[in-house]
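Number of protein chains: 2
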Amino acid sequence: MSAELFSEERSAEVVAAAFAGTPDPRLRQVMTSLVRHLHDFVKDVELTEAEWEAAIGFLTETGQTCTPTRQEFILLSDVLGVSMLVETVNHRTGGTATESTVLGPFHMVASPPRELGDDIALDGKGIPCLVSGQVTGPDGEPLAGATVDVWQTNEDGFYDVQQPDVQPAGNLRGIFTTDAEGRFWFRSVVPRYYPIPDDGPVGRLLAATGRHPYRPAHLHFIAAAEGHRPVTTHVFVADSPYLDSDAVFGVKDSLVREVPEVDDPQRAAQVGLANPFRTLTFDLSLLRS
Amino acid sequence: MSAELFSEERSAEVVAAAFAGTPDPRLRQVMTSLVRHLHDFVKDVELTEAEWEAAIGFLTETGQTCTPTRQEFILLSDVLGVSMLVETVNHRTGGTATESTVLGPFHMVASPPRELGDDIALDGKGIPCLVSGQVTGPDGEPLAGATVDVWQTNEDGFYDVQQPDVQPAGNLRGIFTTDAEGRFWFRSVVPRYYPIPDDGPVGRLLAATGRHPYRPAHLHFIAAAEGHRPVTTHVFVADSPYLDSDAVFGVKDSLVREVPEVDDPQRAAQVGLANPFRTLTFDLSLLRS
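Chains A and B supply the protein sequences, listed in that same order. Numbering-wise, full-length UniProt numbering puts 81 at position 81 of the first sequence, and it's gapless, one number per residue. Numbering-wise, full-length UniProt numbering puts 57 at position 57 of the second sequence, and it's gapless, one number per residue.
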């Protein structure tokens, strides 16, 4: 026998050696690193056979909970902070542009194009809110014709795609195009905090570890402009519960905004909202691509 | 906001803090370690979003390939050396007893009880082989009445449970009880090397990484005796292909045995086998429980 046989001491090296012939160098690198960290984990906790069996059962059930409209493995990645880490590693801004956060599982359909000023709250529920901002390049130059794709929950904490029989199609989502000064504005409602789906294996993991399934109230954005790197992010509502314990770790300080109340019937009439209403201002700065 | 928010630098600490309230201390320890090693892996390779998506798809398909008779996640654990590592960590012998190896996925049914000397090769195929050995305690004392549960592939490289319509039920498996001197012996055939199921996602992973799916020829054993720790192990055939590249890393030097040919018609008649035949001797030493 020429190759080294398995031993507890050298387990990661022996298994990594089996991947040494991987034709694609990047796949070889990823598998080698995965093996090393996975074996480190097993040795670190001295995983028991009963725990290993429980892990096999958990992973199997997680796979079998997935359907065309539910992705339980993404949820698992989310609650372990892996989705957020991958997002962050791949979108370092160096502090000079709007920070990114997770896309989340509810950007499942193309949002309808809207006109500036449109009301995206088609179900007539919730606290009226005027959302506005400016999209700029790295030196503050306005980006005219940028697209701003937004989506959020309704007053009950659900996205339209979660309630196809309850909410009007396209409720609380839309794609806006910035004006000559890079500005956008539209009418909506204040988004609401909500639980991630917690009736599957990931929900049971949260329960077993004393964690709640909630995300703080937020509005999703994808801003894109020619010649610039798009950003996928949220703006979070400053007075929302769960801001410091987001189940998927999406909150960054730079993404939190106050949503002050405006009590001014004239201004309300001007923007087409009931009085009083809230305002949410979120400017986005993009890096050049 | 009181709790620390997510950052690339402190991602593992921030996520681990979310598990700090886990009521069960062992689960808290396991999840904290898992988070740390998983985040180390993502940072180590700077996993791209496309790779993360591929991983989510792979894990989902692995879960959805599982059926009541196929466990693709165990197969994944096997080819990453995790099954073997868990087995080894939980059955350290200190070099004073028979080493263990993986149970494998084919011990799915209770093996039929057999009499010493029985022939377990019910399908009449293969190279006849007399298997014998002695079960002893740590000081070499014979263990009378110990049970020896054995199972192996037939000449075509399949277990009976894989071919319920082809092989007789209980083919090449059985439970023997040692005699007053702790000895066991039975008639069988030389086992054959075989591929693990490779038509699913794990098979595609092996193909993409230039690995073959084969296991070297072996005979499974579970030996158990009152007052002693049972051992789950294999004996490997010394001249088998793949001894130095077992797809599941199960081979240990101490478990490999020659299977010499005996060409002696008188001895063949005595043991009830066709001449010539092979002999395989495997003694098992158990630790006290």
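All C-beta atoms, glycine included, are put in the ideal place defined by N, C-alpha and C. Predicted model only: the values in this text are computed from it and were never measured.
Handout entry: Cut-off 7 Å between Cβ atoms - residues of its own chain near residue 252 of chain A, not counting five sequence neighbours on either side
Key = 99 and 101
Item to check | Beta-carbon proximity check, residue 19 of chain B vs residue 209 of chain A, cutoff 8 Å | outcome: yes
Can you pull the DSSP bridge partners for residue 279 of chain A?
-> A:130
- Item | Alpha-carbon to alpha-carbon, residue 180 of chain A and residue 296 of chain A | Residue 296 of chain A falls outside the range modelled here, since chain A spans only 1 to 289, and no answer is possible.
**Asked** For residue 292 of chain B, which residues in chain A fall below 9 Å Cβ to Cβ?
**Response** Since the displayed chain B opens at 1 and closes at 289, residue 292 of chain B lies outside it and no answer follows.
Practice task
Look up residue 211 of chain B in the DSSP assignment and say whether it is helix, strand or coil.
Solution key: coil
Discussion item. If I follow the unbroken alpha helix (DSSP H) through residue 149 of chain B, where does it start and stop?
Written reply: Counting along the chain, residue 149 of chain B falls outside any alpha helix (DSSP H), though it belongs to the beta strand (DSSP E) covering 147-151.
- Task: Taking all protein chains shown into account, decide if residue 25 of chain B is buried (16 or more other Cβ within 10 angstroms of its Cβ) or exposed.
- Result: exposed
Within its chain, find whatever has a CB closer than 7 Å to the CB of residue 76 of chain A; leave out the 5 residues flanking it on each side and keep chain order. 62 and 202
Open item on the list: For residue 15 of chain B and residue 249 of chain A, which I take to be in contact (beta-carbon distance under 8 Å), what is that distance rounded to the nearest angstrom?
Closed with: 6 Å
Point to revise | Distance, residue 212 of chain A Cα to residue 161 of chain A Cα | key: 23 Å
Which chain A residues are close to residue 33 of chain B, counting only those with a beta carbon under 8 Å from its beta carbon? 41, 44 and 45
**Inter-stretch contact (C-beta, 8 Å, three-pair minimum) for the region 169-189 of chain B and the region 115-129 of chain B** = yes
| task | Report the option in A:174, A:39 and A:52 whose CA atom is closest to the CA atom of residue 110 of chain A. | result | A:174
Cβ neighbours of residue 149 of chain A in the same chain (closer than 6 Å, five flanking residues each side left out)
111, 175 and 222
**Item:** Within chain B, partners of residue 6 of chain A - CB distance below 9 Å
**Value:** 81, 84, 85, 88, 101, 246, 249, 250, 251 and 252
Contacts that residue 63 of chain B makes with chain A (C-beta to C-beta distance below 9 Å):
59, 60, 61, 62, 63, 64, 65, 66, 72 and 73
**Asked** Is residue 51 of chain A close to chain B, meaning its C-beta is less than 8 Å from at least one C-beta of that chain?
**Response** yes
### Query
Taking C-alpha atoms, which residue in B:158, B:120, B:51 and B:225 lies nearest to residue 143 of chain B?
B:225
### Query
Using the C-alpha atoms, what's the distance from residue 235 of chain B back to residue 266 of chain B?
27 Å
Exercise for the section: Anything in the region 10-22 of chain A with a Cβ closer than 7 Å to a Cβ of chain B? List those residues in chain order, please. Expected result: 11, 14, 15, 18, 19, 21 and 22
| task | Anything in chain B within Cβ reach of residue 27 of chain A, meaning under 7 Å, just list it in chain order. | result | 208 and 209
Between which two residues does the beta strand (DSSP E) carrying residue 22 of chain B extend?
Segment: none, residue 22 of chain B is in no beta strand (DSSP E) and carries neither H nor E.
**Asked** For residue 1 of chain A, which three-state DSSP category applies?
**Response** Low per-residue confidence applies at residue 1 of chain A: pLDDT is 45, beneath 50, and the placement is therefore not dependable, though the value from the model is reported in the following sentence. It is coil, neither helix nor strand.
Review point. Taking Cβ positions, are residue 286 of chain A and residue 135 of chain A nearer each other than 8 Å?
Key: yes
inquiry  = So, at 8 Å on beta carbons, what are the nonlocal neighbours of residue 121 of chain B in its own chain, with the 5 sequence-adjacent residues on each side left out?
reply    = 128, 154, 171, 172, 187, 188 and 189
ask   = Residue range of the alpha helix (DSSP H) that residue 65 of chain B falls in?
value = 49-65
Which stretch, first to last residue, makes up the beta strand (DSSP E) that contains residue 237 of chain B?
231-237
TODO: Please list, in chain order, all residues of the same chain as residue 273 of chain B whose beta carbon is under 7 Å from its beta carbon, the five residues on each side excluded.
DONE: 128, 130 and 187
Query - Unbroken beta strand (DSSP E) run spanning residue 292 of chain B, endpoints - result: This structure does not reach residue 292 of chain B, given that chain B is present from 1 up to 289, and the question cannot be answered.
With DSSP run on the structure shown, which of helix, strand or coil describes residue 12 of chain B?
helix
| said: What does DSSP give as the partner residue(s) for residue 135 of chain A in the beta ladder? | reply: A:284
- [ ] Verify the CB distance criterion: does residue 77 of chain B have a CB-CB separation below 8 Å to chain A?
- [x] yes
Handout entry: Identity of the residue in B:289, B:261, B:270 and B:288 nearest residue 277 of chain B by Cα
Key = B:261
- Under the three-state reduction of DSSP, which class applies to residue 32 of chain B: helix, strand or coil? helix
I need the boundaries of the beta strand (DSSP E) containing residue 219 of chain A, first residue and last residue.
218-224
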